[in-house]
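**Student:** Please see the structure below; I have some questions.
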């Protein structure tokens, strides 16, 4: 690979005085094709804080020089978005971005306001802006982390990406069957469940919305749960029992992300006994993964007192419908 050197016309003066201050961040060389000359790609980022180029888009600043001619900007793929995180606090970098005298980056909100010193070299972080990285952050588009599950959304790096992922309908959901490692988009999970796991009364029950179903909850099993599959739409619901000091806490969950696009449900859950019934209307929570037995619920549960728990088997009844159908009970 030939080196890029400084040209001198013989006048004894360098071009250094006639050009703006620049920082060459990287020089990459493409492998030449057979029969072609070696081609070089030079990426140059200006570091003049007073330059008018500060307001130009990244495409006008990052230019490729191939065979002596200027071509249109190219897209750049980063193998890992960690390079766009603050090396001090590991939060996504956001404008303004500063740097210490040794060139270590620092974000403004946490590192400058709170620490004011570089965590690497302990030098003070002053007012030196890293304009080059600010341009990269401003122009960079990052795919949603749920892209592998079907999300096609791309957003600018930082707050917008985090805001999108909180409400992304493609947030992965885990199969509720023990020892099944399937994880995917909740609609794909429905298809997986139908194709892989068959209805087995007692453990996996089919039901229809707004029709009561009587079932048994075994407390001597390790998972203490019963799965319900809606016959038409395939929605997956799970009733879990958690043994506590005051009795059994029974919860009802819908396996789906908690986002606006997903339908919300409520239910009527009851503990049936020969001469008494304990019934409660509950809002059904959307969850992406089952709660472990160590995580005792703090809200939205039916507490079955100890005197109503006889043995390891409880006869129960459930009816599931739209969000406001049963919460008035």
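In the numbering used here, the protein residues as written are 947 to 1275.
Each residue gets a CB set at the ideal place from its N, CA and C atoms; glycine is no exception.
#1: Are there three or more Cβ pairs, one per stretch, closer than 8 Å when the segment 1071-1084 is compared with the segment 1027-1046?
#2: Which partner residues does residue 1102 have in the DSSP bridge list?
#3: Sort 1072, 1140, 1114 by Cα distance to residue 1205 and report the nearest one.
#4: Among 1214, 1185, 1095, which one has its Cα closest to the Cα of residue 1201?
#5: Nearest-angstrom Cα distance between residue 1126 and residue 1223?
#6: So the alpha helix (DSSP H) residue 1133 belongs to, where does it begin and stop?
#7: Where do the ends of the beta strand (DSSP E) carrying residue 1200 lie?
#8: Whole angstroms are fine: how far does the CA of residue 1052 sit from the CA of residue 1210?
#9: Using 8 Å as the threshold, is the segment 1179-1199 in touch with the segment 1227-1236, meaning 3 or more CB pairs across them?
#10: Residue ranges of each beta strand (DSSP E) run of no fewer than 3 residues wholly in the segment 1202-1262, ordered along the chain?
#11: Secondary structure at residue 1265, three-state DSSP: helix, strand or coil?
#12: Can you tell me where the beta strand (DSSP E) with residue 1164 in it begins and where it stops?
#13: On the criterion of 16 or more Cβ atoms from any shown chain inside 10 Å, does residue 1167 qualify as buried, or is it exposed?
#14: In the structure shown, what three-state DSSP assignment does residue 920 receive?
#15: Where residue 1139 and residue 1087 are concerned, what is the direct C-alpha to C-alpha distance, given to the nearest angstrom?
**Tutor:** Taking the geometry as given:
#1: yes
#2: Here residue 1102 corresponds to residue number 156 of the chain shown, with the count starting at 1. Beta-bridge pairing links residue 1102 to 1087.
#3: Here the question's residue 1205 lines up with position 259 in the chain shown. The option with the nearest alpha carbon to residue 1205 is 1114.
#4: Numbered from 1 along the chain shown, position 255 holds the residue referred to as residue 1201. For residue 1201, the nearest C-alpha among the options comes from 1185.
#5: Numbered from 1 along the chain shown, position 180 holds the residue referred to as residue 1126. Numbered from 1 along the chain shown, position 277 holds the residue referred to as residue 1223. Looking at the two C-alpha atoms, the distance is approximately 35 Å.
#6: Residue 1133 sits at position 187 when you count from the first residue of the chain shown. Unbroken alpha helix (DSSP H) run through residue 1133: 1132-1142.
#7: What you label residue 1200 is simply residue 254 of the chain shown in a count that begins at 1. 1193-1201 is the extent of the beta strand (DSSP E) around residue 1200.
#8: By one-based count along the chain shown, residue 1210 stands at place 264. By one-based count along the chain shown, residue 1052 stands at place 106. About 42 Å.
#9: When C-beta atoms of the segment 1179-1199 are compared with those of the segment 1227-1236, three or more pairs fall below 8 Å, so the two segments count as touching.
#10: 1211-1218, 1223-1233, 1248-1251, all fully within the segment 1202-1262.
#11: For the purposes of this step, residue 1265 is taken as residue 319 along the chain shown, with counting starting at 1. Strand at residue 1265.
#12: Reading the chain shown from its first residue, position 218 is the one you call residue 1164. That run of the beta strand (DSSP E) goes 1159-1164.
#13: Within the chain shown, residue 1167 is the residue found at index 221, counting from 1. Residue environment for residue 1167: exposed (fewer than 16 other C-beta atoms within 10 angstroms of its C-beta).
#14: Within the shown structure, residues of the chain are numbered from 947 to 1275, placing residue 920 beyond reach of any answer.
#15: To locate residue 1139, count along the chain shown from 1; it is residue 193. To locate residue 1087, count along the chain shown from 1; it is residue 141. C-alpha separation (whole angstroms): 35 Å.
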